[in-house]
Amino acid sequence: MVVESATALARKDVVGISQLDAGEIQLILDTAEELLDVAKRPIKKVPTLRGSTVVNLFMEPSTRTRFSFEVAEKRLSADTLNFSASGSSVSKGETLFDTAQNLMAMAPDFIVIRHPNSGAPHRLAQEVPASIINAGDGINEHPTQALLDAFTMRQHFGSLEGLKVVVAGDIRHSRVARSNAFLLDKMGAEVRFVAPASLLPLEVEELGVSTFLRLEPALEDADVVMMLRIQLERQKRVNFPSMREYFDFFALTPERLKLAADRAVVLHPGPMNRGVEIDSLVADGSQSLILEQVTNGVAVRMAILYLLAGGPSEAASDS
Amino acid sequence: MKRLLIRNGRVIDPSQGLDQGMDVLLENGSVAALGERLDVPSETRVLDAAGLVVAPGFIDLHTHLREPGFEHKETIESGCRAAVAGGFTSLCCMPDTNPVNDDPSVTSFILKRAEQIGLARVYPVGAVSVGLEGEEMAEIGEMVGAGAVAVSDDRRPVTNAQLFRRVLEYARSFDVPVAAHEEDLDLSDGGSMHEGAVSSRIGLRGMPTSAEEVMVARDVLLAELTGGRLHLCHLSTSTALDLVRTAKQRGLAVSCEVAAHQFVLTDEDVAGANYNPNWKTNPPLRSAADVEAVLQAIYDGTVDAIVSDHEPHHADEKELDFSDAPFGIVGLETAVPLALDRLVHGRVIGLMQLVRLMSTRPAEVFGLPGGSLREGAPADVTVLDLRALRSVDSSTFQSRAHNTPFSGMRLKGWPAATIIGGEIVWQAK
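So the protein lines, in turn, are chains A and B. Residues in the first sequence are numbered from 1 upward in steps of one, following the working numbering. Residues in the second sequence are numbered from 320 upward in steps of one, following the working numbering.
Shown next as structure tokens:
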């Protein structure tokens with residue numbers, strides 16, 4: 001498989017990986033690689049988005065994604081506005097149309113949106129002229145997370161093609177798992193979803209992934225092991241019985257990690273539940289790329305903003 | 320003496336096995352005569368139906384009129400206007416109003432308003448349980464006395480099997496069917512679309528087919544236990560229809576309906592709609608295989624009635640996100656053209672079977688007047704133009720609501736006139 005990089009991101013919005021093609025994904029990853037250097041300079045700023053306004057609209061609690069976007073925006077010299085609301089109270093009363101009208105009164109160029117409802121960014125994108133970037137919608141997609149995961153894998157292995165990637169955890173409620181499946185399938189990697197069937201979506205194999213009900217068989221020859229956060233508070237104890245049992249059967253421990261390929265690396269989108277889905281020895285071990293993911297997240301988000309703003313006319317090397 | 324002669328139409332009447340070009344004379348609210356070249360008495364209004372189909376008035380067993388309580392969505396008047404513009408002469412309205420129609424005074428209010436409006440015939444469906452709470456039995460006898468034709472907690476499935484058993488038994492004394500919206504709420508678990516490959520792909524929480532099927536299975540067993548009349552509302556899955564097919568073979572008093580949108584749209588259409596809640600309904604738009612099974616059940620007679628499942632909502636409510644927006648599609652003004660286009664022109668069934676499913680059987684299932692053009696039957700007639708080719712335009716709806724996924728869809732076969740009690744209450748322009 002040879003992926004030709006696209007020359008520009010000829011679209012208004014990035015609402016999901018499912019809308020992007022392999023060339024566009026490649027372009028974002030290549031651009032992020034150039035922008036990664038910005039963080040290594042004494043003055044960590046380029047003027048690309050000077051005079052542009054970015055609204056960070058977070059209708060659901062988020063710390064890392066919101067900070068990551070903010071850092072990306074500031075390094076590109078954009079003006080940022082932050083609007084946070086704890087999910088239900090604000091979002092359910094106001095229609096999306098009202099939200100859109102209110103936002104457009106501030107004339108933003110970009111809206112970064114995190115929303116508890118699947119599809120909210122997609123509909124907002126239809127309503128407003130600003131570029132919409134999805135920072136996670138419901139249980140649907142989290143495209144920038146999948147892009148930073150892919151960037152981290154590519155950085156380590158040189159290419160995504162043929163990589164065997166295990167994604168384990170609450171797949172059914174995970175936008176990270178879904179976006180990763182779309183992306184890795186498009187880029188020629190092999191995806192293995194691992195969860196008890198009570199945490200897997202129905203007929204999920206149609207996304208081009210294989211599914212495993214236990215972690216051990218999925219780990220064989222795996223190059224990447226991505227563990228997802230387990231939130232018992234969301235489960236009402238119907239989907240699995242306890243944290244202890246989850247750890248005993250589905251957590252990534254040093255012993256289980258040995259079943260993977262020798263060169264295997266460990267990813268986690270955060271925040272981690274140490275002792276639930278991942279053992280601290282693994283999280284902090286030599287095979288962990290979890291902190292690289294955080295660093296790379298800023299570069300990937302800069303790349304998307306930069307490309308949506310018009311792309312390569314201004315070189316990333318401006319300082 | 321008020322007379323209307325419908326001249327030269329193709330009369331289709333399943334109650335008499337009639338499919339023939341002839342005249343129909345309506346006199347003083349009843350069918351007075353059928354025949355070729357009937358003599359026209361003096362002072363008779365004549366409706367030329369040459370090239371049109373003349374059928375006993377269509378009856379919708381499943382409508383939400385929203386009044387009293389939710390007049391911003393629909394009123395009895397706007398709903399009745401929508402019904403007649405959609406080719407229906409009668410409709411049965413569900414009890415989920417505010418106050419709930421769990422009391423004869425509400426039943427009487429609805430009937431009185433409908434009479435004042437004087438358009439479609441309105442038959443209220445009373446609640447099964449007080450306040451639709453699923454705990455205590457509502458005053459079924461009193462409501463039937465006031466004019467209710469069936470009981471149902473539509474939209475609020477009766478999870479208490481003991482209560483449902485007793486209602487099936489108790490309602491036998493008043494000879495009314497118990498209509499059920501079949502959904503196990505624990506299994507649907509807050510989902511907003513059909514659960515399957517498509518929900519897994521587009522990231523919406525799914526409602527499995529089994530949520531509908533386990534309740535259908537339970538209630539068919541309870542119908543057998545009790546000998547009660549069970550009517551299953553808007554079925555949408557292959558297995559649910561199989562359960563009805565088996566129940567009928569075993570001679571149980573079980574009937575069922577399907578909503579028009581359920582044989583037209585699938586979960587792939589939800590995916591194509593970019594999270595637009597006008598495609599959100601309950602039961603949800605199912606898989607292509609389920610739609611195939613619905614068409615098969617319409618063809619083989621498992622289905623007794625095609626309904627609109629008219630669920631009007633205000634535009635503001637349908638502006639919410641897909642997961643937050645209320646379930647429902649308006650159907651009164653699209654059900655007949657969808658059925659003509661997809662079922663008749665689509666060669667699933669013939670016209671005779673269509674009229675049976677939209678008039679004769681609905682009348683039998685709920686024990687309503689009409690469904691026939693025999694002499695002496697009510698002078699309710701639906702006139703159809705099978706050749707009319709138009710696109711659905713929600714801006715022309717008589718309903719207050721516009722929550723339809725069919726805007727712009729080109730359909731062949733539309734109602735041409737609606738006649739109630741011998742009066743032309745609506746005619747296509």
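The C-beta atom is built at its ideal place from N, Cα and C for all residues, glycine as well.
Beta-bridge partners of residue i, as assigned by DSSP
i             : result
residue 433/B : None, per the DSSP bridge assignment.
residue 441/B : 410/B
residue 575/B : 551/B
residue 56/A  : 82/A, 112/A
residue 499/B : 551/B
residue 14/A  : 133/A
residue 701/B : 374/B, 737/B
residue 211/A : 193/A
residue 293/A : Answer is none; residue 293/A lacks a bridge partner.
residue 625/B : 577/B
Cα-Cα separation, residue i to residue j
i             : j             : result
residue 545/B : residue 523/B : 39 angstroms
residue 188/A : residue 256/A : 26 angstroms
residue 430/B : residue 413/B : 13 angstroms
residue 439/B : residue 656/B : 18 angstroms
residue 12/A  : residue 115/A : 19 angstroms
residue 529/B : residue 627/B : 23 angstroms
residue 512/B : residue 434/B : 38 angstroms
residue 538/B : residue 4/A   : 58 angstroms
residue 618/B : residue 667/B : 6 angstroms
residue 670/B : residue 447/B : 35 angstroms
residue 397/B : residue 311/A : 53 angstroms
residue 296/A : residue 151/A : 7 angstroms
Three-way DSSP call (helix, strand, coil) for residue i in this model
i             : result
residue 647/B : coil
residue 709/B : strand
residue 141/A : strand
residue 694/B : coil
residue 734/B : strand
residue 173/A : helix
residue 728/B : coil
residue 288/A : strand
residue 477/B : coil
residue 322/B : strand
residue 398/B : helix
residue 327/B : strand
residue 282/A : helix
residue 723/B : coil
residue 122/A : helix
residue 154/A : helix
residue 6/A   : coil
residue 687/B : coil
residue 68/A  : helix
Burial state of residue i, where buried means 16 or more other Cβ atoms lie within 10 Å
i             : result
residue 117/A : buried
residue 128/A : buried
residue 43/A  : exposed
residue 254/A : exposed
residue 362/B : exposed
residue 660/B : buried
residue 637/B : buried
residue 273/A : buried
residue 101/A : exposed
residue 193/A : buried
residue 2/A   : exposed
residue 249/A : exposed
residue 214/A : exposed
residue 238/A : exposed
Cβ pair residue i, residue j closer than 7 angstroms
i             : j             : result
residue 630/B : residue 383/B : yes
residue 184/A : residue 223/A : no
residue 69/A  : residue 56/A  : yes
residue 375/B : residue 703/B : no
residue 645/B : residue 526/B : no
residue 652/B : residue 405/B : yes
residue 426/B : residue 465/B : yes
residue 494/B : residue 457/B : no
residue 680/B : residue 624/B : yes
residue 109/A : residue 121/A : no
residue 191/A : residue 165/A : yes
residue 300/A : residue 147/A : yes
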